[in-house]
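Chains as they are written, first to last, in the working numbering: chain A, 18 to 311; chain B, 3 to 322.
Remarks on the structure that follows.
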C-alpha cells in the first residue's frame, strides 16, 4: 500500500472518497473478502479446465491434484469421434435465426410502448410482462402437439417457433428500456422537420438504438443457445441435437464420459465467456435501463 | 329535436372511433407484429393447452401419424378432473412448498451476496476491475454447462468437493444422492450462477446514487448503517425492484439447473413445479393433459406474482 492510512481523528469531509481513508486492517479485510469470493467464483471453471486435460483413468480417481498426466486426448476425441461440431452448428443456426427474427419483429413495438400512450397500451405491457414469465411447462405440451401435427418434430423451425414465444416479448421489453433512454427531444425535432412517426423511428431513433438492438439480439441468441427443455423434447435425432442436449448424452444414466463432458464444456464455455465478458456492461444496462431512468 | 339528438349520439362513437384511429393508427401499426406473433405463437397454444388440461389426453390416445397411417385422437373431455387431481394429490403441496423455498432461498442469497459484493466493489481500490471480471465469470458460462460442471464437482465418488473433504479428514457427502444434500447442491449451484447478475445490476444502481447525498449525511453525522438504510436502500429501489422480479421469475422457472444436476431426484426431492410438469409430459407414459393442467396451475401462480408486483410498481408511481 502506497497510501498512508488516514489519521483516525480526521473529520470525514474530504470531497472525494479515497484509499487514504481506509485503515490497513480494513483494507486487508476488503481484499481478503474479495479474494475469497473470487476463488469461489473461479474455482469450478478452473477445475473444469484442469479436469479436461486429465486422462480418464485419473479423472475417475478421487484426486485433488490440479495437474496429473496432462493430455489433449479428451479434446481430440470430442472433436473427432463425437458429433460435437454438428451440435454446435445446430445451436448456432437455431439461435441466430431466433435472435434476428426476435429483434426484427419487436423493434417497432419497443418504440411504440416507449413513446406513445394509446388505447391498448396497458394490455400490451401486460402481455409483454406475462408472456415473459411463461415457464417452459405452460406452452411446451401444446406447442409439441402442434409441431407433431405439422410434422416439424426434429426440425429446426419447431425450435425457432418455440423460442420466439419468449424472445419476442423479451426483446420488445428490453428495447422499450433502451428507447426510454433516447431523449424525446430527438423525436420532437424529427416531427418538427416533418417526419412521420415511422420516419422518425426509422431515420433518427433506430440508428441511435443500434447498441440496444445488438444487446437484445445477443440476449435472445444466448437464451436460445442455452435452452434445454424444448431442445430435449423436440429434437429426437442425434444429428439435430443442440449442444445442451448433446452434452447430456455424455453423462447418461449408465455411463459417464467425464473426459468428453469436461472437454466439450470447456470448448463451449471459453468462447462464450470471452464474448460475454466483453459485452457484460451493456447487458446489465440493457436489462435495467428503463428502471434506472425511472 | 329528439331525432337530432339520437342521430348525433349515434354518430358520436363512430367519429370518435375514427378520431382514435387517425390519432393512434401508427402506434397500433407498430405494435401489430408483436401482437400478431404473440396471439399466434402464444395465444393459440395457450388456448389449446387450456383445452388439453380439460381432457384426458396422453401419449396413447393422442392422434398421430405413423408413416402413411393417420391415427385419430380418442381422448375425451373430462372437465376439471385434472385440476382436482392435482390439488388433492400429495405431490402438489410438496412440490409447491419446495418450489417456494427454492425461490425464496435462492433469491435472498442472490440479492444478499450480490449486494454485499456490489458494496465492496463500489469503493475505490486496487485491482477493482480485476475482481469484477473474476466475479462475473459464473454468469458468462451458459447455465447448462454450469449444471454439468457442478454435477462433476459434486460427484460422490470422485468429485473434487468430496476429495477435498476426505483430504481434510472428513467423510464424503453423497451430495446428489441424499434428499437433503441434493437440495443444498441445487441451491448452491443456482446461487453461484445467479449472484453475478445481481452484483452487476446492483453495482450499476449504486453508482447511480449521487455521492453528494452521502457527503451531506456524513456532515450531518449519520452513521454508516444510517447512510445505508436511508440513502443506499431507497436509492437502489428502482434497480432492485426490477432485478428482484426478474430473479424471482428466473428462479421459479429455473429448468436447466434442476433438470441437469439432479433430474429432480433423488426421489423427487429437488423437483420444482416446472420440472415436474415437464417430466410428466415427456418421460414415461406421456401424460399431456396432466402436464398441461400443471402448467396452468403454474401460470395462475405467476399471474398472482405479476399482480403483486404491479401493485408494488404503482405504489412507487410507475405509470402503468
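Positions of the beta carbon are idealized from the N, C-alpha and C atoms, including for glycine.
heavy atom of the ligand ATP below 6 Å from residue 276 of chain A C-beta: The model on display carries no ligand, and the ligand ATP is accordingly not part of it.
Same chain, Cβ closer than 8 Å to residue 183 of chain A, five either side skipped, listed in chain order: 148, 149, 151 and 240.
CA-to-CA distance, residue 92 of chain A to residue 149 of chain B, given in whole angstroms: 20 Å
Alpha helix (DSSP H) runs wholly inside the region 187-251 of chain A, at least 4 long, in chain order: Counting only runs of 4 or more, we get 201-209, 227-242 and 246-251.
Selected residue, minimal CA-CA separation from residue 70 of chain A, among A/60, A/80, A/84 and A/61: A/84
Test item: CB-CB of residue 189 of chain A and residue 37 of chain B under 7 Å: no
Close Cβ partners of residue 196 of chain B (< 6 Å) along its chain, the five nearest in sequence each way excluded: Excluding positions up to five away in sequence, the list reads 112.
Contact set between the region 48-64 of chain A and chain B, restricted to residues whose Cβ is under 9 Å from the partner: 48, 50, 51, 52, 54, 55, 56, 57, 58, 59, 60, 61, 62 and 64
Collapsed DSSP secondary structure at residue 173 of chain B in the structure displayed: coil
Closer than 9 Å at the beta carbon, the chain A residues around residue 290 of chain B: Ordered by position in chain A, the residues that pass the 9 Å Cβ test against residue 290 of chain B are 158, 159, 161 and 162.
Chain-ordered residues of the region 226-259 of chain B with a beta carbon less than 8 Å from chain A: Flagged, chain order: 240, 241, 243, 244, 245, 248, 251, 254, 255, 257 and 258.
Partner residues on chain B for residue 135 of chain A, Cβ-Cβ distance less than 7 Å: 26, 29 and 30
Proximal residues of chain B, C-beta to C-beta of residue 147 of chain A below 8 Å: Residues of chain B whose Cβ lies closer than 8 Å to the Cβ of residue 147 of chain A are, in chain order, 304, 305 and 308.
Neighbourhood of residue 199 of chain A by C-beta, 7 Å cutoff - its chain only, sequence neighbours within 5 removed: 222, 225 and 226
DSSP-derived helix/strand/coil call for residue 273 of chain A: strand
Residue 198 of chain B versus B/115, B/44 and B/314, residue with shortest Cα-Cα distance: B/115
Alpha helix (DSSP H) segment containing residue 51 of chain B, residue limits: 46-55
Cα-Cα separation, residue 137 of chain A to residue 26 of chain B: Each residue's alpha carbon lies about 10 Å from the other.
DSSP-derived helix/strand/coil call for residue 143 of chain B: coil
Rounded separation between residue 311 of chain B and residue 246 of chain B - CA only: 10 Å
For residue 194 of chain A, the nearest candidate out of A/46, A/99 and A/145 (CA to CA): A/145
Assigned secondary structure, residue 268 of chain A (DSSP; H/G/I helix, E/B strand, else coil): strand
Amino acids of chain A, ordered along the chain, whose beta-carbon sits closer than 8 Å to that of residue 39 of chain B: 122, 181 and 185
Chain A residues whose Cβ lies nearer than 7 Å to that of residue 94 of chain B: Those within 7 Å of residue 94 of chain B in chain A number zero; the least Cβ separation is about 14 Å.
Interface flag, residue 15 of chain A vs chain B, CB-CB below 7 Å: In this structure chain A extends from 18 to 311, so residue 15 of chain A is not present and cannot be described.
7 Å Cβ cut-off: residues of chain A touching residue 77 of chain B: Going along chain A, no residue has its Cβ under 7 Å from residue 77 of chain B, so there is no contact; the nearest lies around 11 Å.
Where residue 214 of chain A meets chain B, residues with beta-carbon distance less than 7 Å: For the C-beta of residue 214 of chain A, the chain B residues within less than 7 Å are, from N- to C-terminus, 28.
Backbone secondary structure at residue 306 of chain B - three-state DSSP: helix
CB contact below 7 Å: residue 81 of chain A versus chain B: yes
Cβ-Cβ separation, residue 104 of chain B to residue 154 of chain A (assumed contact under 8 Å), whole Å: Contact flag wrong, Cβ pair sits at about 15 Å.
Sequence-distant residues of the same chain with beta carbon closer than 8 Å to residue 166 of chain B, five excluded per side: So the list is empty, once near-sequence residues are dropped.
CA nearest to the CA of residue 174 of chain A, picked from B/43, B/191, B/277 and B/144: B/43
Cβ-based contacts, 8 Å cut-off: residues of the region 184-203 of chain A near chain B: Answer in chain order: 185, 186 and 189.
Beta bridge counterpart(s) of residue 36 of chain B as assigned by DSSP: Answer is none; residue 36 of chain B lacks a bridge partner.
Neighbour flag for residue 166 of chain B against chain A, beta carbons, 7 Å: Proximity of residue 166 of chain B to chain A, defined by a Cβ-Cβ separation below 7 Å, is satisfied.
Distance CB(residue 139 of chain B)-CB(residue 57 of chain A) smaller than 7 Å: No, they are not a contact pair.
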